[in-house]
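Colleague: Take this structure, written in structure tokens, and hold onto it; I'll ask about it next.
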Amino acid sequence: MTNKTHPQVRVWDLPVRLFHWSLAVSFVLAYLSGENDLDYLHSLIGYFIASLLLFRLLWGFIGSRHARFGDFVRPPSAVLGYLRQNLRGKGPRYLGHNPAGGAMVIALMLTLGLTALSGMALYGSTDFAGPMAGWFSGTLAADLLEETHEFLAQLSLIFIGLHLAGVLFSSLAHRENLIKSMLTGLKADLKKEQLHD
């Protein structure tokens with residue numbers, strides 16, 4: 000889908016790409032292990048997801064240009080403006096994350112982080128294991144933590160669906176393969192008048 004006449008420029012560094020695909024695979028494994036009562040495996044994957052998120056939080060401040068939060072975190076008014084532009088078929092192309100994509104990064108990091116945290120609390124409550132062992136006790140606490148954990152996992156799934164829809168929409172609207180760019184790190188380097196950044 001990317002126009003081959005344009006030179007390629009590296010946008011996504013290796014740490015961002017490894018984080019992205021590791022998180023995607025880990026979420027699928029966590030979801031499947033949670034649905035199949037593989038509690039120990041599920042908790043290990045949850046700890047790994049939490050570690051990935053902590054890494055990405057750090058990388059959002061010290062990473063390369065397009066990995067930094069300052070490059071893609073925009074106010075809600077900018078996100079809504081960008082979405083309105085797209086509804087009119089006039090959404091600009093961004094080399095890094097567009098405003099909606101940046102908002103989705105934050106939404107996913109928050110939801111997945113809270114999912115991992117509630118999972119640790121649940122594990123500590125029911126199995127008295129992990130970093131939150133003994134913080135919460137009793138059936139009521141365990142039930143509330145389980146409901147919270149499952150709600151956050153489902154909310155994460157909804158956000159992932161919206162993320163995939165946004166990637167597909169943006170790929171088609173700008174005629175570029177965003178999935179390929181998250182694998183290779185490269186995107187077409189269009190002229191400045193064709194690019195909003």
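Numbering (numbering that gives the first Met the number 0), first residue to last: 0 to 196.
By construction, the Cβ of each residue, glycine as well, lies at the ideal position given by its N, Cα and C atoms.
(1) Grouping DSSP H, G and I as helix and E and B as strand, with all else coil, what is Val27?
(2) If I measure Cβ to Cβ from Leu107 and keep anything under 6 angstroms in the same chain, skipping five residues before and after, which residues do I get?
(3) How big is the Cα-Cα spacing for Leu40 and Arg16?
(4) Determine the burial state of Ser155: buried for a count of at least 16 other Cβ atoms within 10 Å of its Cβ, exposed for fewer.
(5) Just to confirm before moving on: does the CB-CB distance between Pro75 and Gln84 stay below 9 angstroms?
(6) Report the start-end ranges of each alpha helix (DSSP H) in the stretch 60 to 102 that is 4 residues or longer and not cut off at the edges.
(7) Am I right that Phe99 and Gly165 are in contact with their C-beta atoms under 8 angstroms? What's the rounded C-beta distance?
(8) Use the C-beta contact count for Lys186: other C-beta atoms within 10 angstroms, 16 or more gives buried, fewer gives exposed.
(9) Look at the alpha carbon of Asp12 and the alpha carbon of Phe54, and state the distance between them as a whole number of angstroms.
(10) Looking at the C-beta of Ile159, does it have a partner C-beta in chain D at a distance below 9 angstroms?
(11) By DSSP's criteria, Leu185 is part of a beta bridge. Which residues make up the other side?
(12) Might you give, ordered along the chain, the residues of its own chain that have their beta carbon closer than 6 angstroms to the beta carbon of His173, omitting 5 neighbours on each side?
(13) If you drop the 5 nearest sequence neighbours on each side, which residues of the same chain put their C-beta closer than 7 angstroms to that of Arg9?
(14) Thinking C-beta only, is Leu144 closer than 9 angstroms to Ala120?
(15) Just verifying my parser: in three-state terms, what is the DSSP assignment at Trp20?
(16) What residues in its chain sit with their C-beta under 8 angstroms from that of Asp188, if we drop five residues either side in the sequence?
(17) Note down, one range per segment and in chain order, each alpha helix (DSSP H) of at least 4 residues found wholly within the stretch 118 to 179.
(18) Classify Val27 as buried or exposed, calling it buried when 16 or more other Cβ atoms lie within 10 Å of its own Cβ.
Modeller: On the basis of the supplied data:
(1) helix
(2) Within the same chain, Leu107 has close Cβ partners Phe158.
(3) 24 angstroms
(4) Counting Cβ neighbours within 10 Å, Ser155 comes out buried, since at least 16 surround it.
(5) No; because the gap between Cβ atoms is not below 9 angstroms, this pair is not in contact.
(6) Fully enclosed alpha helix (DSSP H) runs of 4 or longer: 68 to 71, 75 to 86.
(7) Here residue 99 turns out to be Ala, not Phe, going by the sequence shown. 6 angstroms between Cβ atoms; contact.
(8) buried
(9) Computed Cα separation, rounded: 14 angstroms.
(10) No chain D appears in the structure shown, which is made up of a single protein chain.
(11) Arg9
(12) Arg92
(13) Gly184, Leu185
(14) The Cβ atoms of Ala120 and Leu144 lie closer than 9 angstroms to each other.
(15) Helix.
(16) His5, Pro6, Gln7, Val8, Leu94
(17) Taking only runs of at least 4 residues, the alpha helix (DSSP H) segments lying wholly in the stretch 118 to 179 are 138 to 173.
(18) Exposed, because fewer than 16 other Cβ atoms sit within 10 Å of the Cβ of Val27.
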